[in-house]
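A.B. asks: Below is a structure I'd like to ask you about.
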Amino acid sequence: MDRELISNIFHSFNRFFLTTNSLYRKFHKIHKNFQKILFFLLVFYKNIQYFINL
């Protein structure tokens with residue numbers, strides 16, 4: 001194997017890793033916010049049910 005090929009493979013792998021890492025971070029942020037929203041909706045829904053049953 002020549003050195004250039006190895007470095008190309010290494011660089012492409014590096015780029016791939018960086019992009020997946022940034023995507024993962026963005027997704028993680030979104031996911032955390034989504035969990036908060038879901039929790040809020042759940043509590044809200046329970047409160048509405050409680051008021052309806054009064």
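Residue numbers (UniProt numbering): 1 to 54. Idealized CB from N, CA, C, for every residue including glycine.
1. What separation, rounded to the nearest whole angstrom, lies between the Cα atoms of Leu-54 and Lys-46?
2. Let me know the secondary structure DSSP gives Leu-38 once reduced to three states.
3. Rounded to whole angstroms, what's the CA-CA distance from Leu-23 to Ser-12? Just pull it up for me.
C.D. replies: So, to answer that:
1. Across the structure, Leu-54 and Lys-46 are spaced so that their CA atoms are roughly 13 angstroms apart.
2. helix
3. 16 angstroms
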